[in-house]
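Enquirer: One structure, as structure tokens, below. Some questions next.
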Amino acid sequence: MADAAFLALTVITIGSAIAALEMRSLIYGSIALMGTLGGIAGFFFLLDAPFVALFQLAVYVGSIAVLILFTVMLVKRELIFKMIEDRRRKFAGIGLMLIIMVSLGAVFLDSGIKTITTDELAVDFRDIGKNFVTYYWPALILMGLVLAGSVTGALVLARREDVEDDQRTN
Amino acid sequence: MSVIAPNFKFSKFIQSLISDVVWFVLIFSLIGFPIIMMVLFFIPMPVIDGELLTPFLAFTYLADPTRTLPIVQSFMMTDMFKIMAFPGFGFAALLAAGTIFVERKMLAKLQLRVGPFYCGKFEGILQLMGDGLKLISKEIIIPAKADKPIFWAAPVLFVASAAAFVALIPVAPGWVVADVDLGLLAVFAVIGFFPIVTILSAWSANSKFPFIGGIRALFQMVSFEIPLILSLLGVVMVTGSLNLSEIAASQSSFPWILFLPVGAIVFFITMLAELERIPFDLPEAESEIVAGWLTELSGMMYGLVQLGTYLKLYAFAALFTVLFLGGWNGPMIVPQFPMELVTEGIPLGPITAKIGGLEPLLTELITPEMINGVLMFVLKTVGVIFFILLPRGVFPRIRVDMLLNLGWHKLIGLAFVNIFIALALVYAGVLGPGGLQ
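Residue numbers (the working numbering), protein chains in the order written: chain A, 1 to 170; chain B, 171 to 607.
Here it is, written out as structure tokens:
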């Protein structure tokens, strides 16, 4: 069952990743990108990490893919993209991909992934929280600062008063 | 009043139905029943309790409540029943249908109109059914330059997302379709799919008004998702759980709205925006951009989107109930069922009417606690839905810059205030371990 799900997810993820690159229509490409990100969320589910999986769905599929879609819809693609494609580039791309995949695979196989036991329970999200406030507290504070900075930046940008303040009536 | 069938009489309609039933019974007992018997004669039947299951015995079993009620009970415990009927789709669709009718009548009363009046003898109560039949019978028109696969898929995806949202809502203790450990995160993940479906539907119609509406919907939903998520974190902090059933069960003494009113207000406003309801109905602004992102949808595609919208409305109201109003908790107002009527039977003069097989159903599945929980949940949810509907009769639509202004700094600021209130309550020991709970 898990193997079948793994195979299906692999096919979905890699297939839609290739489709995202190869589709001529940008909208369909970004939909395929959503499929890739959703497939990765499926992998997290298979790895007993539902917390990460749901965040993957909420953040990557729900927000980032939407932003990409939104941007793509506002683009007139004829103006920006020119098709540069010949045989040599294609083969070079395929070769590069093979080299990267083989080297990544070698790294994974070398990293002792075979000795990991797989029948452990899913990590409770409370443990994740405890680890964050004890061992990983510097990372938590750094993340908090970065996020607070970005939220403040968004607020400041939204509060821009120079542009059309005279048009506002509220 | 223009009428399709001017000579329609309700009594004639009932009469024709009754005559149909009579003919069906007559033909079935004269022809159908012998045919079933003949077919069953050639099929090897199983032996149950040392008795060969003859066709006559099978029909006898069907009329025996001690044999059929356990089947009903085990069916009610299946996932299929939960998904399709009770805490899932059927229940939500029923409440959604009620919502549509109440909305139209209440708005009419608020604006000194009559509202639906003719369908059904009483106050247009069959109007919704008539509208549904109309939508089913209408032609589905696809714009010539539309992107057909996405255009066809979008309404279905919209209803599917809404149904996935409904599946996460616990209605009574143990009565939930998907009891996910990280239920609230799953809710956030599901909410994230609505803007995608909306913008894809809007883009694929290849028409101006849907696209403008879709872009507005995207702005609105994406920017209000942030205060929505932030406003619910306070509840997670004081509960210490993301499971919606546990959150509802943790409010057995008091609802969280007493301690986190700011979060409840922020969530309510973001809920209005996510549902595209007045005063935030810019994506559908019918006086500016025809019908917004729904403009090109016709026939049952439009019907599906409407169904999805109202399912979503129910789900959001139910989420508010579960998170802030205590879900199924409430005073026990359903009386205990007199069990001796079931165990000993009802004496009716010389005989005693006794229904066997009813006892496990009433003690295990449909207990008074469950009925009371459902009643409390429905009462609270209906109240929240009423407050969602009410602004439609009162407020005008706001501008898009006011909307983004509200979402990005007022609501996010208030959501942070709510988080600090929750933290203060937990660290001061008012709530959480050692505190009130």
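For glycine and all other residues, C-beta sits at the position ideal for the given N, C-alpha and C.
Taking one C-beta from the stretch 388-399 of chain B and one from the stretch 353-373 of chain B each time, how about it: are there three or more such pairs within less than 8 Å?
Expert: Yes, the stretch 388-399 of chain B touches the stretch 353-373 of chain B.
Enquirer: Any beta-carbon of chain B closer than 9 Å to the one on Asn170(A)?
Expert: In the first sequence, the residue the question calls residue 170(A) occupies position 170. Here Asn170(A) scores only 49 on pLDDT, less than 50, and its place in the model should not be relied on; the value that follows carries that caveat. So yes, Asn170(A) belongs to the interface.
Enquirer: Taking only the alpha-carbon atoms, compute the straight-line gap between Pro325(B) and Ala148(A) and give it to the nearest angstrom.
Expert: Translated into positions along the second sequence, residue 325(B) becomes position 155. Translated into positions along the first sequence, residue 148(A) becomes position 148. Going by the C-alpha atoms only, they are around 37 Å apart.
Enquirer: By alpha-carbon positions, which one of Gly258(B), Arg567(B) and Cys289(B) ends up nearest to Glu454(B)?
Expert: Along the second sequence, read from residue 1 onward, the residue named residue 454(B) stands at position 284. Nearest C-alpha to Glu454(B): Arg567(B).
Enquirer: Who are the neighbours of Ala356(B) on chain A, taking C-beta pairs under 7 Å?
Expert: As a position in the second sequence, residue 356(B) is number 186, starting the count at 1. Correct list: Leu54.
Enquirer: List, in order along the chain, the chain A residues whose C-beta lies closer than 9 Å to that of Trp373(B)?
Expert: To locate residue 373(B), count along the second sequence from 1; it is residue 203. Ordered by position in chain A, the residues that pass the 9 Å Cβ test against Trp373(B) are Ile27, Leu69 and Met73.
Enquirer: What residues of chain B sit near Ala19(A), judged by a beta carbon separation below 7 Å?
Expert: In the first sequence, counting from the first residue as 1, residue 19(A) sits at position 19. The contacting residues do not exist; Ala19(A) stays about 14 Å from chain B at best.
Enquirer: For the stretch 387-398 of chain B, list every residue whose C-beta sits within 7 Å of some C-beta in chain A, in sequence order.
Expert: Leu388 and Val392
Enquirer: Within the chosen definition, does the stretch 402-417 of chain B reach the stretch 583-590 of chain B through at least 3 CB pairs nearer than 8 Å?
Expert: Result yes; three or more Cβ-Cβ pairs closer than 8 Å.
Enquirer: Could you tell me the alpha carbon to alpha carbon distance between Tyr60(A) and Ile366(B), rounded to whole angstroms?
Expert: Residue mapping note: residue 60(A) aligns to position 60 of the first sequence, counting from 1. Residue mapping note: residue 366(B) aligns to position 196 of the second sequence, counting from 1. Approximately 12 Å, taken between the alpha carbons.
Enquirer: Which runs of the beta strand (DSSP E) fall wholly inside the stretch 479-520 of chain B and span at least 3 residues, in chain order?
Expert: Those beta strand (DSSP E) runs which fall completely within the stretch 479-520 of chain B and span 3+ residues are 516-518.
Enquirer: How is Asn170(A) classed by DSSP in three states: helix, strand or coil?
Expert: Position 170 of the first sequence, counted from the first residue, corresponds to residue 170(A). Because Asn170(A) sits at a pLDDT of 49, beneath the cut-off of 50, its placement in the model cannot be relied upon, and the following sentence gives the value as read from the coordinates. The answer is coil: DSSP assigns Asn170(A) none of H, G, I, E or B.
Enquirer: What are the residues of the stretch 570-586 of chain B that lie near chain A, defined by any Cβ-Cβ distance shorter than 9 Å?
Expert: Asp571, Met572, Leu574, Asn575, Gly577, Trp578, His579, Ile582, Gly583 and Phe586
Enquirer: Can you name the residues that DSSP bridges to Leu222(B)?
Expert: Here residue 222(B) corresponds to residue number 52 of the second sequence, with the count starting at 1. Looking at the DSSP assignment, Leu222(B) forms a beta bridge with Val217(B).
Enquirer: The alpha helix (DSSP H) that contains Ser189(B), what's its start and end?
Expert: The count along the second sequence starts at 1 and reaches residue 189(B) at position 19. Segment Phe180 to Ile197, the alpha helix (DSSP H) holding Ser189(B).
Enquirer: Using a C-beta cutoff of 9 Å, does Val66(A) count as contacting chain B?
Expert: Within the first sequence, numbered from 1, the residue matching residue 66(A) stands at position 66. Taking Cβ atoms only, chain B reaches closer than 9 Å to Val66(A), which makes this a yes.
Enquirer: Is there a C-beta anywhere in chain B that falls below 9 Å from the one on Gly62(A)?
Expert: Locating residue 62(A) in the first sequence gives position 62, where the first residue counts as 1. At least one chain B Cβ lies under 9 Å of Gly62(A).
Enquirer: Comparing alpha-carbon positions, which option in Phe43(A), Gln56(A), Leu157(A) and Val146(A) lies nearest Ile12(A)?
Expert: Indexing the first sequence from 1 puts residue 12(A) at position 12. Measuring from the Cα of Ile12(A), the nearest candidate turns out to be Phe43(A).
Enquirer: Would you kindly report the start and end of the unbroken alpha helix (DSSP H) that includes Gln297(B)?
Expert: The residue you call residue 297(B) lines up with position 127 of the second sequence. Run containing Gln297(B): Gln297 to Ser307, per the alpha helix (DSSP H) assignment.
Enquirer: Determine the contact status of Ser371(B) and Trp463(B), defining contact as a CB-CB distance below 9 Å.
Expert: The sequence position of residue 371(B) within the second sequence is 201, counting from 1. The sequence position of residue 463(B) within the second sequence is 293, counting from 1. Cβ atoms of Ser371(B) and Trp463(B): closer than 9 Å.
Enquirer: Based on Cα-Cα distance, which residue from Leu388(B), Tyr231(B) and Gly294(B) lies nearest to Ile218(B)?
Expert: Position 48 of the second sequence, counted from the first residue, corresponds to residue 218(B). When each option's Cα is compared against that of Ile218(B), the closest is Tyr231(B).
Enquirer: Does the separation of the CB atoms of Ala267(B) and Leu305(B) fall below 9 Å?
Expert: The residue you call residue 267(B) lines up with position 97 of the second sequence. The residue you call residue 305(B) lines up with position 135 of the second sequence. Against a cut-off of 9 Å, the Cβ pair of Leu305(B) and Ala267(B) comes out as no contact.
Enquirer: By how many angstroms is the C-alpha of Leu145(A) removed from the C-alpha of Leu388(B)?
Expert: Walking along the second sequence from the start, residue 388(B) turns up at place 218. Walking along the first sequence from the start, residue 145(A) turns up at place 145. Between Leu388(B) and Leu145(A), the C-alpha separation is close to 28 Å.
Enquirer: Counting C-beta neighbours from all protein chains within 10 Å, is the total for Asn170(A) 16 or more, i.e. buried, or is it exposed?
Expert: Translated into positions along the first sequence, residue 170(A) becomes position 170. Only weak support exists for where Asn170(A) lies, its pLDDT of 49 falling under 50; the value from the coordinates is given anyway. That one is exposed.
Enquirer: Per DSSP, what kind of secondary structure is Thr522(B) in: helix, strand or coil?
Expert: If you number the second sequence from 1, residue 522(B) lands on position 352. Strand.
Enquirer: Could you give the DSSP three-state label for Ala342(B): helix, strand or coil?
Expert: Sequence index remark: in the second sequence, residue 342(B) carries index 172 (1-based). Strand.
Enquirer: Tell me which residues share the same chain as Thr248(B) and place their Cβ nearer than 6 Å to its Cβ, disregarding the 5 neighbours each side in the sequence.
Expert: Start at 1 with the first residue of the second sequence, and residue 248(B) comes out as number 78. Around Thr248(B): no qualifying Cβ.
Enquirer: According to the neighbour-count rule (16 or more other Cβ atoms, all chains shown, within 10 Å of its Cβ), is Thr71(A) buried or exposed?
Expert: Locating residue 71(A) in the first sequence gives position 71, where the first residue counts as 1. Its Cβ having fewer than 16 others within 10 Å, Thr71(A) is exposed.
Enquirer: For the stretch 21-66 of chain A, list the beta strand (DSSP E) runs that are entirely contained and at least 3 residues long, ordered along the chain.
Expert: none
Enquirer: When you compare only the Cα positions, how much space is there between Thr533(B) and Met391(B)?
Expert: Locating residue 533(B) in the second sequence gives position 363, where the first residue counts as 1. Locating residue 391(B) in the second sequence gives position 221, where the first residue counts as 1. Going by the C-alpha atoms only, they are around 45 Å apart.
Enquirer: Below 8 Å, can you find three or more Cβ-Cβ pairs linking the stretch 480-492 of chain B to the stretch 266-280 of chain B?
Expert: yes
Enquirer: Compare the beta carbon distance of Ala323(B) and Glu466(B) with 9 Å and say whether it is the shorter of the two.
Expert: As a first step, residue 323(B) must be located in the second sequence, where it is residue number 153. As a first step, residue 466(B) must be located in the second sequence, where it is residue number 296. In this structure, Glu466(B) does not lie closer than 9 Å to Ala323(B) by Cβ.
Enquirer: How is Met247(B) classed by DSSP in three states: helix, strand or coil?
Expert: Taking the second sequence and counting its residues from 1, the one referred to as residue 247(B) is at position 77. Reduced to three states, the DSSP call for Met247(B) is coil.
Enquirer: Does DSSP put Ile459(B) in a helix, in a strand, or in coil?
Expert: If you number the second sequence from 1, residue 459(B) lands on position 289. Ile459(B) falls in the coil class under three-state DSSP.
Enquirer: Between the alpha carbons of Leu200(B) and Val192(B), how many angstroms are there, rounded?
Expert: Position 30 of the second sequence holds residue 200(B). Position 22 of the second sequence holds residue 192(B). Approximately 12 Å, taken between the alpha carbons.
Enquirer: Between which residues of its own chain and Leu168(B) is the CB-CB distance below 7 Å, once the five residues before and five after are set aside?
Expert: What the structure shows of chain B is the stretch from 171 to 607, and residue 168(B) is not part of that stretch, so it cannot be assessed.
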